[in-house]
Structures are given as C-alpha cells and as structure tokens.
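S.K.: The opening residue of the sequence shown carries number 1 in the UniProt record's numbering; numbering runs sequentially from there. I am attaching a structure below and will ask some questions about it afterwards.
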Amino acid sequence: MAGEEIDWDALVESQSRLRSRRDVLISDASSLDPPVAASPKPVSTDEVKKVTQEEEEEEEEVKIKEKKSSGRQVMSLEESSNISLKAYELTTLIESKQINEGISALCVTIQKQSNKIKVLIYVATKGDKILVFEQSESIRGKGGIEIKLTKSEDFKKAKKFKQMVICSDLNLLIAILSDGHYIALHSKALTIAAEHILPIKTKTAQYVITEFEKPNYRFGICSKRNIYLFEWDINDKKYNLIRDININEPFYTIIFLKENWLCYSIKKRGYILKNVQTNEEKNIALPIDDNVSPMITKVKYQDNNENNNNNNNNNNNNNDFEGYLLLQASSNISVFVDFRGNPAPRSPISWSAMPLFIEECDTYLVGYLINSTIEIMSLVDQKLVQTLAIKTIRKNTSKFISMSMSVSVKLPRGISVANTIESQQNQSQSLIQNQNSQNQILNLDENIDNLIALRDTQSLLGMFQTPYHGILLFYDEAEVQGLMPTPIERQITECIEFLRIEKGLQLLMKTNPNIEEKRLFHCKAGFALFFNMYFKQAMEHFSISDIDPREIIYLYSDIKPNKISYIIQYQQQQQQQQQHQQQPLLENVNQIIHFVQKWRRRHHPSTDRSRGFHNNELEATAQYLRAIHYLGEFLWNRRLNYQQQQQQQQQLIIDNEIRITIDTALLKIYCETYRHGSKLKQVTQTEEHSLIESSMLQSPFPLEQLLNISQPNYCILEECEKMLLRNNLYYALALLYYSRSQDNQNDTLAASHLRRALTILLDLGTGKWTDSANPNFNGIPLAVSILRQMESCPDLWSYAQPLLLRSPSEAISIFTMPLRNKRIPESEIVEFLRDLQSQFDQSSLSSSSSQTTETQTTPALMVRQKSRARAALSYEDQSLTTTLLSNPQLLLLWEQVTRFDYEQIYLEHIVMGEHITVGSYHDDLALIYMSKIYKLIQIIQIKNNDISNINSKPIQLLNEIRSKLLSLLDWSEWYAAEKLLQKAKQYNLNEEMMQLNKKLGRHDEALRLLLIEMKCFDRAIEYCLLALPRSKDRSDRFLQFIQIFLQQSPSSLQPIVQLLQKYPHDINPTLLLKILPSNIPIHVFQNWFNLILPANIRRQRQIQAQKHFFQNKLLQ
C-alpha cells in the first residue's frame, strides 16, 4: 500500500483509553451520595459532562486522523442501508432583514409568462403587509436558489392570516384568518375578490384543503366538525358551495382523493374513507396506538415493479395508478395503503421519533419529527437517506411548509396534489416549549389532544416541486429556510460512494440518461463495489459498463501482462483526488484486500470468530481467489463478445492489444486459481468451517476453449509458459504449445511448439511429470488426438512409437482412425508397425531367454513368471496359469499370442474395414492368423493331447482367430491361395487347408481332409451340397466323396447306400458304377436302382423322341 502503514493497535488502544476514562467519570458521578458539610466536594455532573465532552472531542479527532490515514472509507452492503445520504441541503432563502416584521402565513405558487416559469412566494407579515418574492430559472445560482422581493402591499388583515392557498389558474388567493373567518384576494392585485367566493359560512375555520384541478378547482374550508366543499362555476365565474359535511367529531387530517372521495382521520375511529356524493363510508382496518396522531399523507411515487403490475391490471381494468396513502400506525411507524384502504405492496417507514408532518417530495418522504429533526426516507427502498437538525427555530413557533400547489401549468415534472394543514396557534403553547421531550408528551393522559395541539402549532401548508427540483420551506417568525435538493449528480455520487447502487440508479434514470451516462454509472458503481471487496457485484456492473478490461486487469499485479504497459485511467483520476485530500491510493487488489480486512477486523471483530477461523493470511487468500474468479468470468464473457464482433466487422489494432491482455490474464488466472486453491483445499478438509466456496477453487472458464487450436489465442507465450511451469500445470502448457503449432507464418516455430506439446504429454503419460491441477491426468489421449491429425513426417513416427508401446490400444487409432487431410501410404505404416512389433518381440524373447538360462528356479524368477502369466490371462485362468508357470517356453508362446499385435490390428483395419485390394496385405493378415492358430494349438495339445485339464480360454481365443481367418479366406479374392496353402500344410492346419483347397477348386483334397484327417463325415456331405442341385459339380463331389470313403473303409457300405438313397438324383449312376469295386453285390443298391431307373428311362425316352423329331425335321 502506498504511504505509511497504519498503526491499528495504537489507534485501538488510544480510543479504548478514552472510553475507559469517560466511563469511570460517569460511573463515579452516578454513584455520588448527597453532599454533606464534612465531606469533600464531589465531582458535579456538569464537570463530568464537561470532561466527557472533551474526551469525545479528542476521540473524534483520533477518528478523523484515522480516516485521513486510511486512504479510503470501507463500507459493507449491510451497513450501506444505514448510511445517511445527502439528498437535501438546508439554506436560508428569505432573511429576517427582508421581512422586518414577523411572518404570520406563507404560500407558494407558480406563474407562466412568455414560456417562462416563475416561482412566487407570498408572505403575510404581522405588520399587515403581503410580500411577494420571485425565483425564476434565470436567477438560480450555483450555490442554490436566489430569491428577490418583487412586490410589497399593505393589507390590514395580513397579521391575522393563518393559512394561504393560491389557485394560479384563477389568480385567486384564499386565506384563513385567526378569528375563524376566511377571505379571497386577487393574487396579482392583492385586492378583495368578494365576487368570486360565497359569504362566510363559518366563524370557526381551521384550515383549507385544495384540489385545484380543471374544471372544478375544488377546495374545502374545514372547521372543527364540518367541511364546506366549494366548486368553481365556469359560467358565473365564482365558487359555489356544493356540500356541507358534518363529521360530528373533531377530525385531525383530511385530504381529497379521486372520484368524490375524501380520507380523514378521527381521534377515536381512526382512518375513514368517505364519498361526498353518496355519503358512503369505509373504515380502514389499521390498528392505531393510543399515542399516535392519525396523520395522512398522499404518495404518488410509483416504482418499476408497481408500474409493471399496474400495467397488467390496466389490461383488465383500464385503471390508472392512483397513488398510495401513508398512514401513521404507531409513534414511529407509517404504513402504505391504496386509495381503497387495502394494504399496499411496500415496506413500512420506520422513523427515529414520532413525525409531526410528512410530505412526499420527488422520490423521497420528508418527515419533520417531534425532536426538531428532519428525516428523509427513500421511496425506492423505504430506507433512511438523510437526517437534518433544525438549528434556527426561534421562539418555538417554527412552521414547516412544502412548496407543492396544484396548478394547471404544465411543467417538465409532475405536480402533486397538495394536502394542507393549518395551525391552531392558541392551543398547547406549553407543549411547544417542550417538543423535544417526547417521553413527557407520551406519558400525558390526554396524549392525542396534546399531539394534535403540538402539530397544529407547526403549520404545514403543502409541498411544491419546482421546475428544477422539489423544495421544502421552513419558516419561523423571522426568516424562511429552504430544504434544497442536493444536485442529482452529487446524490448519485454519494449513492455510489456508500454502495446504495439501486438508489443511485433510480436517481440516474430520472435524468433520462444516454447510453454513455449509464455505462459511466455502472463503471463507477463497479469500482466502488470493487474497492469494498464485493467482487462479484462489481464485475456485474463492469459487464454492463463496457469498460476497457485493462482498467480492471491492471489492478491485479500477478495477473496483468508484464510486457504491455497501460495506465489505468480511473486510478489516475483517483490518484489526483487522493493527492488533493492527502490520502494514499490503493494500487492493486492485494492492497485492497489487506486494507479492507484490517478495517473489518477492527470494526467487526466478532465476524471472524463467528466464521470459525482466525488465520488472516488464509482469509486473504480466499478473498483473492474470489477476486480472480469473478475477474475470470468477466474476462471470459468479454472475450466471447469480441469473437462475435470479429465475425461482423474487422477489429482495430487496439482491440488486438486488449485481446492479448485478456487472454494472458485468463491463463494467469488459471494458474493463480490452482496455486492458491491448493492451500485452501488442505485447510477446508481439516477446518470445520469452509473458508471458501468449492466453485472458487475451479477454473472460472473452460481452459480447452481458451487454448483451442481452431481459434487463435493471444497469450504472451514467454510469460505464460514460465508461470505454468512454475506451478506444474503441464496440461495447460501442452495445450498452449499445441494452440501455437498452427502458426502459418513460421513453420519452424510451429513445429517446435508441436514437439514441445507432445513431449509434455508423453511425460505426463509415462508418469515423469504430474499436473498439479489434475494429478490423475494422462497425456496419452491428447497426444494420440494430435498425432491423428499430423501428416507424415519424422515427428509422427518418433512420437507414435513410445505412445504405441505405452498404450497400444489407444495409440493404434493414430493410424486406424486418422483425421489428417493427406493419407499416409499403407506400406509405410505396415513397415513401421512391423519394425515396432519386431522390437517388442525381441525384448520379450530376450527377457524369456534370460529366465530360461538360469540354472535353478529362484524366488525372484518365480515371481516374475507368475506376474507375466497372470497379466497375460487377466487373473482369470488359474489352471492354465499353473501350467504356464511350469513351462517358461509355453509362457512365451502364450504371450506372443495374447500380446497386442500392432500389425494385425492395422491390417484388419485396411483389409476388413477399408477393403484395400492389395493382395500382400491379405496374405500378411492370413499368415498372422495362421501363426497364432498354430501356437494356440501347441498350447492346447500339451499333456498328451488331453485338453480336459485346460481352461476354455485358449480354445475360445483359437476359435475367435480361426473364425477371422476362415472369413477372410472365404470372401477375399486377393490373397495368394497357393502360398497360404503351403503355410497351412507346414502348420498342419486342416481346417485352413480345406478352405484353401476349396478356394483352388481342389474338391478331392478338401474332401480327403474332411473324411480322413478331420473325420467329419457330415461336413463332407455338406461340402458336396454346396454345389448346385443335380449339377455336374455336385455329382463329381459326391463321386469323389464315395471313392475316398470306400478307399478308407471298403467294407462300410451302409453309409454310402444311405447317401445314395437320400440324394439319388445328384449322382451320375453310370460314373458311380464305374468306380464301385467289382466285389460289391448289386442287390445292395436295389433300392437306389428302384429310385433312379424310372427317371432315367423317362429321360432316355425323351432323348430318343427328341432325336427322331430332329431327324424328321431335317428330312423335310
């Protein structure tokens, strides 16, 4: 952190010492006995208060020094709702020297002349004068509002004015006098306007209520128990009395509502809605405390959610939003109801003391409380915004008025309907002198009457929102003070500073901001949240703001690129501000975390204990992980946006620099996540309370997509590879190198990157290296995937060899499932695999030979042999394992049969899968099959050809390989049958020899093998039946079958007789008789003759008939 380190312990000790000293003094003062003459003089309470005040001032100075040295104020979202914002400023508008005499009444109106709006303030003085002050838009100054006196008229009854209201459309001023009468004046000439208003109907008028809206311009004169309602007659140009309402009880507050409805409050009955035309009444079901003054305030503000709900209701009911009523439910609680008396969907307002007056002003509620303070509540979230103390109240006769009159002039902002309350200055003067003593008031028996009297002395006339901002006026006998809205820009700035972001956004939307202004707001809000360690919320605002991501990245010293310089614009502005305030600047996220943690531990020491851990370093690490995690999410989303923009238009050069920064930062975030996450994982496993969410320990973005070869990345290679190596993140490093292997501008460099990637993956696959992010990661699958796409080159063969030896079943897909554009000749692959197989076989043979040359069986040899046997049999065949252990040479044969055969797998792929017609490949595959069949037969024939003691696994494997070979020999037409037949004879493979003889058309040899070597009489018959029925080929096969059978078993005639009887017409009888031995009796074949003679005679006759027919045909 820039600047000197703060001595927090010294500050804490200093403040503790001050508090202790003050507490001792107070404790001593409170425990004093009554003084006696002989006793020393005790410390008086005044002295204690004096010392306490000095100590508090000294403590406040310490806090100020601490704040200046801290460099920045820390805020929590929970605390922000309790912070008072500066929504309004209190200033003097009309000084006593401008009035000379005391003020008896005051009102405000507006006039529109030549498209210019004027705000006029009418003041009735106790010197029987009416003063008119003007405030126009051209007069407004930087410091607030400037008021000037424009008119002064003598009026004898001005000192009796209690309340004034003005209808600007009619230029009519109505005043309530202290003697209970009322009069009407022309507001411009300030002369009596008796022609516009009816004669006096009451001598006990208390105040006037207004609804000066076209065309009726209604108002009401309120006495103690009656309300007289007047409406303007547009034809007669005067007011007429339309209703005389008798309430029968003293009422406290009354206001106009829409559609002839009034709302008033009575001490005993509470709040009542009344229709002045139908006399319908409805009590509002709101329990009221006995100590409450039943006050009513009309609220017109509507937030977005209510607006949406209202729009939905409008679709059904076609009703506009009316507003809400704010009703006092207890001494400090106000609740919202709608104009029908139903509860409104808003939270109650909680005041610090009982309010005497409440008025709506823009998006705020302004309450004047019994303790002479003003509280300003937000209508957005119903939370306290600001508290002001009224220090200039004179003679306890201050009056509070809000400038809000209902007029017909159309303004840039809406004008609220006013509710006006006039005073009864002749009641409860003793309560006025003690208005700060709330407890005394609430303890009185007649508390309601006293509260009413107290409020009536405060004279609330209404509220008016000027064309610029809403203004509230406070006045006493001598001067007028104005509650001026703080400029909205300053309010927004304070909202952001104190993390009242939602409120700030509400204020911003009132100014109809453009896109740039909205983005700037979210940018400032993001930094405010960021510097208070709310990283997630900050990144959400940054995403909306469209901020340059480098502004955030360069706050992370371990994340930012070191080779690219960038000056943070926001930080530069803050630095100038901090230097002006002589405060140090937090330059990076580590300093922010360090500072905020210290502040929170100091001000909220119980938080750490409740969370169950005390290691500040680990807590800082957890916060840092959150900071980089949310930064990673933000940068990844921004990167995706840039990719979408790239598809639409060409990016500028500066965009490329931003991309370099983003990609480099993302990869460094990946490193930092696993570097710091490993520390917390160990603690999380041992601690009862987790320091951080598990999701924070994972990468905030998909690494494979960042380093995807199909899309370029802009990571700074030198910086990233050092960081990845330092943190043992080899998988990410391999991906980084591989993603750079497609550099079309530099083939040599691209090839170098590819070799580096493959080397790392091979080391991960062999266990030489271990990836810290994924210790179980095996680099072989990714290496295989890379080699599947690589064209024929030396690197392909050099990296394929160790992969095939390490994981043959996966690595063989380099050649069997290629993804390369150009096909590698099969001859190259076969030659490579054959050499690889030869090397593997030689190593196995040498290992076996070294074992067989040992003179005696050692324990180590037995262990190695047993391990090899079990590995070969996958722990499934214990009987064969025992046999193989006793015969190392047999074990070697079994290994040769069961080992992974690279050449066989590839030849099967190109011969059976791709149907390559090159005969040599068919021959090679068949020869491999034959060799394995021969070896398996040797294993099966051990122990004097008795296979009953051998498990079925070798037989199953034999059948599997033989099935492949026979299938190949059956459908393939491109192998050299004669060559394979010789090899089959060499291996004495009868089945294969039979198939090859069949392929060569040597049926006699095939039948001889079936009948003599294989002893398969039925299969020999099936072989004969493969020829077409009654064809010469079938007859020849049967004749050869009979001839071979009789040579082998001349005395066994019965099978032949049965064969002749079953297939009598498929054998040529003439040729059969020629091959039969002469010593065979003819009667043995009698049944066969009986079957064939009729058919042969019939066939002979047909032949003779055909001959005669052709001869006769020729003779003709």
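A virtual CB, placed ideally from N, CA and C, is assigned to each residue, including glycine.
Could you have a look at I910 and say whether DSSP puts it in helix, strand or coil?
M.R.: Residue state, collapsed to three classes: helix.
S.K.: Rounded to whole angstroms, what's the CA-CA distance from K510 to D303? Just pull it up for me.
M.R.: Whole-angstrom Cα-Cα distance: 11 Å.
S.K.: Do you know how far the Cα of N887 is from the Cα of E1005?
M.R.: Their Cα atoms are separated by approximately 37 Å.
S.K.: Kindly list the residues whose CB is nearer than 6 Å to the CB of F339, restricted to its own chain and excluding five residues on each side of it in sequence; keep chain order.
M.R.: Counting only Cβ-Cβ distances below 6 Å, and skipping sequence neighbours, we find L257, E322.
S.K.: Which of helix, strand or coil does DSSP assign to A189?
M.R.: DSSP places A189 in coil when its eight states are reduced to three.
S.K.: Just tell me which of G526, K298, S543 has its CA closest to the CA of L327.
M.R.: Closest by alpha carbon: K298.
S.K.: When you compare only the Cα positions, how much space is there between I147 and I99?
M.R.: Going by the C-alpha atoms only, they are around 13 Å apart.
S.K.: Alpha carbon to alpha carbon, what distance is there between S798 and E791?
M.R.: Distance between the alpha carbons of E791 and S798 is about 13 Å.
S.K.: Tell me the rounded alpha-carbon separation between N1087 and R1101.
M.R.: Approximately 22 Å between the Cα atoms of the pair.
S.K.: If I follow the unbroken alpha helix (DSSP H) through F542, where does it start and stop?
M.R.: 535-545 is the span of the alpha helix (DSSP H), which, as asked, contains F542.
S.K.: Within the continuous beta strand (DSSP E) that includes G180, where are the two ends?
M.R.: Per DSSP, G180 belongs to no beta strand (DSSP E) and is neither H nor E.
S.K.: Would you grab the beta carbon distance between S104 and A158 for me? Rounded to a whole angstrom, and I think it's under 8 Å.
M.R.: At roughly 7 Å, the Cβ-Cβ gap stays under 8 Å, so S104 and A158 are in contact.
S.K.: Which same chain residues, not among the five before or five after D771, have their C-beta less than 6 Å away from its C-beta?
M.R.: Result list for D771: Y730, Y731, F777, in chain order.
S.K.: Classify R1002 as helix, strand or coil using the three-state DSSP reduction.
M.R.: Three-state result, R1002: coil.
S.K.: Can you check which of these residues, L369, S378, Q382, N1090, is closest to L388 by C-alpha distance?
M.R.: When only C-alpha atoms are compared, the closest one is L369.
S.K.: Drop a sphere of 10 angstroms on the beta-carbon of T457, count the other beta-carbons inside from all chains shown, and report buried for 16 or more, exposed for fewer.
M.R.: Any reading at T457 must be qualified, since the residue scores a pLDDT of 41, below 50, and its modelled position is unreliable; the value itself is stated next. So T457 ends up on the buried side.
S.K.: How would you write the range of the beta strand (DSSP E) that P1069 sits in, first residue to last?
M.R.: Premise fails: P1069 lies in the alpha helix (DSSP H), 1069-1075, not in any beta strand (DSSP E).
S.K.: Using a Cβ-Cβ cutoff of less than 6 Å, which residues in the same chain neighbour I197 once the five nearest sequence positions on both sides are dropped?
M.R.: So the list reads A184, Y239, once near-sequence residues are dropped.
S.K.: Taking Cβ positions, are V385 and L85 nearer each other than 8 Å?
M.R.: Their beta carbons are under 8 Å apart, which means V385 touches L85 by this criterion.
S.K.: Within 10 angstroms of the Cβ of C793, are there 16 or more other Cβ atoms? Answer buried if so, exposed if not.
M.R.: Label assigned to C793: exposed.
S.K.: For V276, list the residues DSSP reports as bridge partners.
M.R.: DSSP, once it has assigned bridges, lists no residue as partnering V276.
S.K.: Please report the straight-line C-alpha distance between D923 and E978, rounded to a whole angstrom.
M.R.: Taking the straight line from one Cα to the other gives about 11 Å.
S.K.: Any idea if I1075 is buried or exposed, counting beta-carbon neighbours within 10 angstroms, 16 or more meaning buried?
M.R.: That one is exposed.
S.K.: Using CA coordinates, which residue listed in I1021, N216, D244, V74 is at the minimum distance from N226?
M.R.: N226 has its Cα closest to that of D244, out of I1021, N216, D244, V74.
S.K.: With a threshold of 16 other CB atoms inside 10 Å of the CB of P485, please say whether the residue is buried or exposed.
M.R.: It counts as buried.
S.K.: Among L958, E718, L1000, A329, whose alpha-carbon lies nearest the alpha-carbon of L989?
M.R.: The shortest Cα separation from L989 among L958, E718, L1000, A329 belongs to L958.
S.K.: Determine the DSSP secondary structure at P1094, reduced to helix, strand or coil.
M.R.: Three-state DSSP puts P1094 in a helix.
S.K.: Go ahead and label E359 buried or exposed: buried means 16 or more other beta carbons lie within 10 angstroms of its beta carbon, across all protein chains shown.
M.R.: Classification for E359: buried.
S.K.: Across which residues does DSSP place L106 in a beta bridge pair?
M.R.: Per DSSP, V123.
S.K.: Roughly how many angstroms lie between the CA atoms of G367 and I254, to the nearest whole one?
M.R.: Going by the C-alpha atoms only, they are around 18 Å apart.
S.K.: On a Cα-Cα basis, can you pick out the residue from S827, A124, V911, F1110 that is closest to K151?
M.R.: Comparing Cα positions, the closest option is A124.
S.K.: Look up S557 in the DSSP assignment and give the residues it is bridged to.
M.R.: DSSP lists no partner for S557.
S.K.: Which residues does DSSP list as the beta-bridge partners of I296?
M.R.: According to DSSP, I296 bridges with L327.
S.K.: Could you tell me the boundaries of the beta strand (DSSP E) in which T210 lies?
M.R.: Residues 207-211.
S.K.: Provide the residue(s) that pair with T253 in DSSP beta bridges, ordered along the chain.
M.R.: Partner(s): S265.
S.K.: If you compare alpha carbons, which of I247, T493, Y566, F498 is closest to L507?
M.R.: Of the candidates I247, T493, Y566, F498, the one whose C-alpha sits nearest the C-alpha of L507 is T493.
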